[in-house]
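If you read the sequence shown in the working numbering, its first letter stands for residue 83, the second for the next number, and so on.
The beta carbon of each residue, even a glycine, is placed where N, CA and C say it ideally should be.
These notes concern the structure reproduced below.
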Amino acid sequence: MARENYTIVTEFILLGFSVGPKFQGILFVIFLIIYMNILMGNGLIIAITKTDPTLQTPMYFFLGNFSFLEICYTSVILPKLLTNFWSHNKSISFLDCAIQLCFFLILGSTECFLLAVMAYDRYVAICKPLNYPLIMNHKVCIQLVVVSWISGIPISIVLTYQVFSLSFCGSNKLNHVFCDIPPLLKLACGDTIMTEFSVYILAVLFGMASFLLILWSYIKIITLILKLPSATGRHKAFSTCFSHFIVVSLFYGSIAIMYLSPQTSHSEETDKVLSLFYTILTPMFNPIIYSLRNKDVIAALRKILLK
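What follows is the structure, given as structure tokens:
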């Protein structure tokens with residue numbers, strides 16, 4: 083009898099930010115500018131790493147792939163968000179929501195692994211400089227990038243299947259800006275404890291593997307830097323990985339606050355802002371972070387802009 087009163091969910095309503103209609107247009111303009119900056123900034127990074135002869139090294143090869151990933155990552159979220167602001171139609175079909183979540187997880191896991199690969203590259207460059215060309219040859223770099231892109235596909239499909247195999251038979255109002263696991267689980271009917279447990283265990287283990295590799299790499303790097311006799315040598319060694327360290331801190335820091343802290347410690351509106359931080363703001367800052375302290379990137383940018 084109780085089930086007869088339920089309505090089977092065929093689409094979700096993305097509630098987004100709790101603002102009035104007047105602010106919808108303002109938010110549309112703001113996020114459109116952000117999206118264009120992401121496309122142009124990361125597009126420039128891709129262009130210079132592919133065309134400038136001085137940037138044909140493993141570090142910039144990974145940076146070009148990372149910039150391409152950032153464009154894909156934000157393109158999963160922002161076009162739908164902009165459509166919601168523009169048309170005021172915030173609905174998303176069940177299938178589209180599943181596809182968005184699946185690609186979001188795939189690209190998010192790829193970012194975790196690619197950041198780990200970039201950290202390992204810096205470790206080899208600083209701690210084993212004589213063997214660097216041999217260890218990080220072009221074939222190895224391509225293999226590392228391919229593994230980063232495909233390794234997250236199976237687990238992302240499994241996670242998406244687990245979430246959408248649940249019954250959604252009550253409210254279809256998804257209090258978020260895109261289809262993510264925590265807000266979807268709140269709408270699921272019945273007992274979701276086992277699903278939540280398996281989802282979070284897989285996600286934590288998957289993200290932890292890449293984070294531990296990054297942590298190990300930086301422990302080795304910092305240990306070596308502290309042993310260098312000259313301050314100039316320490317500064318030069320640290321400057322080669324400073325940009326990557328900032329990106330890692332922004333990405334993992336916001337994810338840790340979002341997913342690892344108790345849900346009672348922050349509101350749903352805070353969750354929305356934090357989710358946008360690592361999905362949108364980090365990709366926007368990526369070209370700035372990697373160019374401000376990098377003379378080679380600045381010189382290459384000047385060349386391409388003058389042309």
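Q. If you scan the region 204 to 247 from start to end, which runs of the alpha helix (DSSP H) of 4 or more residues do you find wholly inside it?
A. Segments of the alpha helix (DSSP H) lying fully in the region 204 to 247: 214 to 217, 220 to 232, 235 to 246.
Q: Drop a sphere of 10 angstroms on the beta-carbon of THR305, count the other beta-carbons inside from all chains shown, and report buried for 16 or more, exposed for fewer.
A: Result: exposed.
(Q) Just to confirm my understanding: we take SER336, look at its own chain, exclude 5 residues before and 5 after, and list those with CB closer than 6 Å. What are they? (A) If we look at SER336 and ignore the five residues flanking it on each side, its Cβ neighbours are LEU356, PHE359, TYR360.
**Q.** Contact under 8 Å by Cβ, LEU267 with LYS172
**A.** The answer is no: Cβ separation not under 8 Å.
Q: Just tell me which of LYS132, MET118, MET141 has its CA closest to the CA of THR156.
A: Checking every option, the nearest Cα to that of THR156 belongs to MET118.
Q: Return the chain-ordered list of same chain residues with a C-beta closer than 7 Å to the C-beta of ARG204, the five sequence neighbours on each side being excluded.
A: Excluding its 5 nearest sequence neighbours in each direction, ARG204 has C-beta neighbours in its own chain below 7 Å: SER299, ILE303, THR322, CYS323, HIS326, listed in chain order.
Q | Uninterrupted beta strand (DSSP E) stretches inside the region 246 to 309 (no shorter than 3 residues) | A | Correct list: empty.
Q) Does DSSP put SER191 in a helix, in a strand, or in coil? A) Reduced to three states, the DSSP call for SER191 is helix.
Q) How should GLU86 be labelled, buried or exposed, when 16 other C-beta atoms within 10 angstroms of its C-beta is the threshold for buried? A) Only weak support exists for where GLU86 lies, its pLDDT of 43 falling under 50; the value from the coordinates is given anyway. In this structure GLU86 is exposed. Its beta-carbon is surrounded by fewer than 16 other beta-carbon atoms within 10 angstroms.
Q. Nearest-angstrom Cα distance between ASN411 and PRO311?
A. The requested residue 411 does not occur in the structure, where the chain is confined to residues 83 to 389.
Q | Inter-residue spacing [alpha-carbon to alpha-carbon] between THR352 and ILE362 | A | Cα-Cα distance, rounded: 15 Å.
Q: Tell me GLU93's beta-bridge partners as DSSP assigns them.
A: Listed as beta-bridge partners of GLU93 by DSSP are SER175.
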